[in-house]
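K.L.:
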Amino acid sequence: MVFQHFSLFESLSVAENIQLALPTGQVLTSLSARVRELSDAYGLAVDPDAYVYDLSVGQQQRVEVMRCLLQNPSLLIMDEPTSVLTPQETKQLFAVLRRFADKGMAVLFISHKLDEIRALTSRATVLRRGRNVGTMDTKGKSNRQLAELMVGSEVADISRHKEPGKLADKPPVCRITKLQRPKSTAFAVALDDISFSANAGEILAIAGISGNGQDELMAALSGEWQPPTGDVIVLEGKDISHFDPAARRRAGVGVVPEERNGHAAVPSMRLSDNALLTHHSLGQTVRHGVIDHAATKAIAAQIIQAFDVRVPNDDPMAAALSGGNLQKFVVGREILKSPRLLVVAQPTWGVDVGAAVSIRTAMLDLAANGSAVIMISQDLEEVFAIADKIAVLHDGRLSDVMPADQVTAEQIGLLMGGDDARRGASR
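Here it is as structure tokens:
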């Protein structure tokens with residue numbers, strides 16, 4: 004099985020990583036020869052002598068596939084395999100998987116991306132809330148038919164209704180100027196001279212493959228890391244570069260981090276207590292140093308109602324919610340504060356189609372009311388569905404900011420892979 008999150012040691016070579024998954028006694032030189040043989044046979048282009056830290060995400064995934072092949076599987080399971088790939092790498096992966104199927108191997112492809120399911124598979128089984136709700140031949144089926152089976156009801160179309168020529172007229176809410184951050188560890192990514200503006204009424208998408216500086220950029224925007232100099236992050240004329248997360252919330256910044264469990268919410272705490280975590284700095288839930296539990300419960304109830312969060316009781320532990328419902332709660336907690344700037348990372352990662360529609364609709368509504376939204380996402384379907392403008396983050400450098408209706412997914416994919424054609428100081 005190739006898991007969604009890879010299990011490779013970056014400081015080891017490809018052959019050394021593969022050796023760890025095989026029975027003891029494997030000689031490294033003969034293993035390297037076998038890797039080259041299978042690589043040529045299936046078109047995997049895996050170099051056994053390369054070090055993992057030098058490989059792209061797509062190349063790392065091929066190492067995971069190679070590790071499975073050397074165990075002579077009759078069934079290969081791929082869990083959300085394209086979530087970290089560019090469109091070009093996705094096409095290469097599909098070509099390899101088709102070769103596997105042609106040679107008699109069964110491939111189980113786990114994904115929520117409907118276009119890919121229809122393009123690659125012959126049959127699809129839909130799971131909803133842990134139950135098998137149906138199996139269908141994918142040939143001739145539409146995305147809507149698959150989505151409605153996944154959700155159990157009709158699914159609305161979500162897209163940004165853009166007005167040509169209007170984007171340039173909107174004032175900046177937040178301006179980032181020459182943001183630089185050195186590497187914090189040997190395997191971290193340095194941010195290199197990043198500049199851009201987030202304008203009122205717009206959704207700016209920062210696309211890119213995970214591991215190219217997204218975590219570092221998110222920490223800088225949220226206040227978890229502050230730049231050493233001022234005038235780097237300016238919110239509506241106020242320098243907030245040195246503000247910590249609480250101060251930035253008071254200034255009008257809402258933040259939805261990528262990891263909902265442990266970062267955005269504490270699983271072992273009730274939803275009302277999780278509401279307290281981000282509202283206490285606004286003076287709504289703490290009075291004279293004492294927590295107002297009635298206020299925290301009221302805020303949690305408001306979020307639950309407004310965002311249709313499905314809960315087992317009035318104030319459950321966060322751990323009792325499904326991933327999609329917890330994500331709706333986290334996003335709702337930030338949006339109901341009507342922030343002037345919302346910074347959100349991977350907003351619909353790992354959630355079902357229905358929850359994704361709710362979250363994207365809420366972000367569109369927030370922008371329609373005049374706020375600016377910065378969305379860090381590696382899901383190009385999501386990026387093109389709701390973004391007004393797109394920039395690409397690769398190896399800590401940001402491309403030019405481009406109107407979403409003037410670029411294609413293939414062009415963005417090239418930038419995600421390191422193409423420098425439209426890379427420069429962004430404005």
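Residue numbers (the numbering used here): 4 to 430.
For every residue, glycine included, the Cβ atom is placed at its ideal position computed from N, Cα and C.
In angstroms with no decimal places, state the Cα-to-Cα distance between residue 200 and residue 235.
P.N.:
11 Å
K.L.:
For the beta strand (DSSP E) that residue 175 lies in, which residues bound it at each end?
P.N.:
Residues 175-184.
K.L.:
Given residue 8, which residues of its chain have a CB within under 6 Å of its CB, disregarding the five upstream and five downstream residues?
P.N.:
Setting aside the 5 residues that flank it on each side, residue 8 has no residue in the same chain whose C-beta is closer than 6 Å to its C-beta.
K.L.:
Taking the alpha carbon of residue 409 as the point to measure from, which residue in 398, 394, 399 and 400 has its own alpha carbon closest?
P.N.:
394
K.L.:
Do three or more CB pairs link the segment 362-374 to the segment 338-345 at distances below 8 Å?
P.N.:
yes
K.L.:
Indicate whether residue 366 and residue 206 have their beta-carbon atoms separated by less than 8 Å.
P.N.:
It is a contact, given that the beta carbons lie within the stated cut-off.
K.L.:
Which of the three DSSP states is assigned to residue 75 in this structure?
P.N.:
In this structure, residue 75 counts as coil in the three-state DSSP scheme.
K.L.:
Return helix, strand or coil for residue 140, following the three-state DSSP convention.
P.N.:
strand
K.L.:
Return yes when the Cβ of residue 111 is within less than 8 Å of the Cβ of residue 55, no when it is not.
P.N.:
no
K.L.:
So residue 330 packs on residue 309, CB below 8 Å; how close in whole Å?
P.N.:
About 14 Å; that fails the 8 Å criterion.
K.L.:
What residue ranges within the segment 370-413 form continuous alpha helix (DSSP H) runs of no fewer than 4 residues, ordered along the chain?
P.N.:
Taking only runs of at least 4 residues, the alpha helix (DSSP H) segments lying wholly in the segment 370-413 are 383-389.
K.L.:
Tell me the rounded alpha-carbon separation between residue 360 and residue 414.
P.N.:
26 Å
K.L.:
Could you name the residues of the same chain whose beta carbon sits closer than 7 Å to that of residue 298, not counting the 5 residues immediately before and after it, in chain order?
P.N.:
The residues are 287 and 288.
K.L.:
Is there contact here, the segment 320-337 with the segment 231-246, by at least three beta-carbon pairs under 8 Å?
P.N.:
no
K.L.:
What is the rounded straight-line gap between the Cα of residue 389 and the Cα of residue 363?
P.N.:
A straight line joining the alpha-carbon of residue 389 with that of residue 363 spans about 7 Å.
K.L.:
Is it true that the CB of residue 127 sits closer than 8 Å to the CB of residue 138?
P.N.:
yes
K.L.:
Let me know if residue 428 comes out buried or exposed under the rule of 16 or more other beta-carbons within 10 Å of its beta-carbon.
P.N.:
Any answer about residue 428 is weak, because its pLDDT of 42 lies below 50 and its placement is not dependable; what the coordinates show is given next. Its Cβ having fewer than 16 others within 10 Å, residue 428 is exposed.
K.L.:
When you compare only the Cα positions, how much space is there between residue 89 and residue 152?
P.N.:
27 Å
K.L.:
With a 10 Å radius around its C-beta and 16 neighbouring C-beta atoms as the bar for buried, classify residue 135 as buried or exposed.
P.N.:
exposed
K.L.:
I need the DSSP call for residue 30, collapsed to helix, strand or coil.
P.N.:
coil
K.L.:
If we call anything under 8 Å between Cβ atoms a contact, is residue 398 one with residue 421?
P.N.:
yes
K.L.:
Quick one: grab the DSSP three-state call for residue 20.
P.N.:
helix
K.L.:
At a Cβ threshold of 8 Å, is residue 116 touching chain E?
P.N.:
This model lacks chain E altogether; it includes just one protein chain.
K.L.:
Hey, residue 71 and residue 5: beta-carbon distance below 8 Å or not?
P.N.:
With respect to the 8 Å criterion, residue 71 and residue 5 are classified as neighbours on the basis of their beta carbons.
K.L.:
Among 174, 293 and 194, whose alpha-carbon lies nearest the alpha-carbon of residue 183?
P.N.:
194
K.L.:
So what does DSSP say about residue 440, is it helix, strand or coil?
P.N.:
Any property of residue 440 remains undetermined from this structure, which presents the chain solely from 4 to 430.
K.L.:
As a quick exercise: from 211, 52, 274 and 175, pick the residue whose alpha carbon is nearest that of residue 240.
P.N.:
175
K.L.:
What residue range does the alpha helix (DSSP H) around residue 111 cover?
P.N.:
Note, residue 111: premise wrong, no alpha helix (DSSP H); beta strand (DSSP E) at 109-113.
K.L.:
Just how far apart, CA to CA, sit residue 411 and residue 211?
P.N.:
Residue 411 and residue 211: Cα-Cα distance of roughly 14 Å.
K.L.:
Among residues of its own chain, excluding the 5 on either side of residue 49, which ones have a beta-carbon nearer than 7 Å to its beta-carbon?
P.N.:
17, 38, 42, 65, 66 and 69
K.L.:
Quick check: the Cα distance between residue 168 and residue 337, rounded to an integer number of angstroms?
P.N.:
Bear in mind that the predicted position of residue 168 carries a pLDDT of just 46, short of 50, making it unreliable; the figure below should be weighed with that in mind. Those two C-alpha atoms are separated by around 30 Å.
K.L.:
What whole-angstrom Cβ distance do residue 46 and residue 98 have, given they're in contact under 8 Å?
P.N.:
Their Cβ separation, rounded to whole angstroms, is 7 Å, which keeps residue 46 and residue 98 in contact under 8 Å.
K.L.:
Under 6 Å Cβ to Cβ from residue 224, same chain only, skipping five residues before and after it: list those, please.
P.N.:
346
K.L.:
Could you tell me the distance, in whole angstroms, from the CA atom of residue 317 to the CA atom of residue 246?
P.N.:
35 Å
K.L.:
Let me know if residue 188 comes out buried or exposed under the rule of 16 or more other beta-carbons within 10 Å of its beta-carbon.
P.N.:
exposed
K.L.:
Which residues does DSSP list as the beta-bridge partners of residue 199?
P.N.:
179
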